[in-house]
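The sequence shown lines up with residues 273 to 476 when you count with my numbering.
A virtual CB, placed ideally from N, CA and C, is assigned to each residue, including glycine.
The structure appears below as structure tokens.
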Amino acid sequence: MTDRRAYYDDLLSLAREKRALHGVETGQFGLSAARRIYKAEGIKLHYWPLSYKIKAVYMCADGYSSVAVQKSLPDEPKLFALIHELKHHYRDQEALGSGAFICGDFNANELIEKGAEVFAAEFIYPRAEFEEDLAALGIKSWTAEDVVRLKRACKAKVSYTFLCKRLERLRKIARGQFAGVQFQKLEERLFGVPFYRQRRRSSV
Ligand SMILES: [Zn+2]
């Protein structure tokens, strides 16, 4: 268990170090900034229509690295998947051998995969910044509506799944507390349909 903790701690440091190296600022960090990092790191990026269970794949052969990412993913999980793959690039080339890391919602290479999740979470939205944003909201007992408010208040480009997992880890909410909530619909009910999703509704 201690080894696991040490492994994760090392990845948290790596995430902070690489964020600084690439000048990442949470509020500005999105897909185009991630693509710039890929370019700087010499990783070729492909948008492939992968099987729906697969989010992304990391491959490396003869010193050439490439990542294929599921084309149909929404922006936030796509960004998360790209940074998850970045961890494989930095740390797992030896473990990879001549194969590929196929990453999705399953548990092959459990520690390596969970480590990539830990790395990506810290890289995209460092826990210290998350805790500052929580403190600013000052919520004691969390409701689903509060999670929507957090999503709108925080500057990081992360999904509702991300926020709920973080809140679970910090024991602000119980595990699976909001599992059945359709957050997008709830957000629209509270704040209206965002302009970019309104598609030519008749003007009133
Ligand atoms: Zn992976």
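Member of the options whose CA lies at the smallest distance from the CA of residue i
{"i": "GLN454", "options": "PRO346, GLU417, ARG443", "result": "GLU417"}
{"i": "CYS375", "options": "LYS350, ASP364, ALA328", "result": "ALA328"}
{"i": "GLY314", "options": "MET331, LYS325, TYR324", "result": "MET331"}
{"i": "ILE326", "options": "GLY335, GLN342, ALA428", "result": "GLN342"}
{"i": "ILE411", "options": "ARG291, PHE463, LYS444", "result": "LYS444"}
{"i": "PHE301", "options": "VAL430, GLU459, TYR336", "result": "VAL430"}
{"i": "GLY335", "options": "HIS361, LYS350, LEU293", "result": "HIS361"}
{"i": "GLU348", "options": "SER323, GLN365, GLY295, ALA305", "result": "ALA305"}
{"i": "LEU284", "options": "VAL296, PRO346, ALA388", "result": "ALA388"}
Sheet register partners of residue i (DSSP bridge)
{"i": "CYS426", "result": "None, per the DSSP bridge assignment."}
{"i": "CYS332", "result": "SER337"}
{"i": "LEU317", "result": "VAL339"}
{"i": "CYS436", "result": "CYS436 is not bridged to any residue."}
{"i": "ALA305", "result": "BP columns for ALA305 are empty, so no partner."}
{"i": "GLY376", "result": "ILE326"}
Residue i versus residue j: straight-line alpha-carbon distance, rounded
{"i": "ALA287", "j": "PHE395", "result": "5 Å"}
{"i": "ARG277", "j": "PHE391", "result": "13 Å"}
{"i": "TRP233", "j": "SER370", "result": "Summary: the structure shown does not reach residue 233, with the chain confined to residues 273 through 476, and so no result is reported for it."}
{"i": "VAL419", "j": "TYR432", "result": "8 Å"}
{"i": "PHE373", "j": "ALA312", "result": "21 Å"}
{"i": "ARG307", "j": "LEU354", "result": "9 Å"}
{"i": "SER338", "j": "PRO321", "result": "15 Å"}
{"i": "SER344", "j": "PHE352", "result": "14 Å"}
{"i": "VAL476", "j": "LEU435", "result": "Residue placement at VAL476 is flagged as unreliable, the pLDDT there being 41, under the threshold of 50; the coordinate-derived value follows with that caveat. Rounded to whole angstroms, VAL476 to LEU435 spans 35 Å at the Cα level."}
{"i": "LYS386", "j": "ALA393", "result": "11 Å"}
{"i": "GLU460", "j": "LYS423", "result": "13 Å"}
{"i": "ALA380", "j": "GLN449", "result": "27 Å"}
{"i": "ARG363", "j": "ILE384", "result": "9 Å"}
{"i": "GLU404", "j": "ALA425", "result": "11 Å"}
{"i": "ALA367", "j": "HIS356", "result": "16 Å"}
{"i": "ARG447", "j": "GLU401", "result": "22 Å"}
{"i": "LYS457", "j": "PRO398", "result": "27 Å"}
Anticipated Cβ contact below 8 Å, residue i with residue j, distance rounded
{"i": "TYR310", "j": "LEU317", "result": "5 Å"}
{"i": "ALA428", "j": "THR298", "result": "5 Å"}
{"i": "LEU409", "j": "ARG421", "result": "7 Å"}
Could you name the residues whose beta carbon sits closer than 6 Å to any heavy atom belonging to ligand 1, keeping them in chain order? Selection output, chain order preserved: HIS356, HIS360, PHE373, CYS375, GLU385, ALA388.
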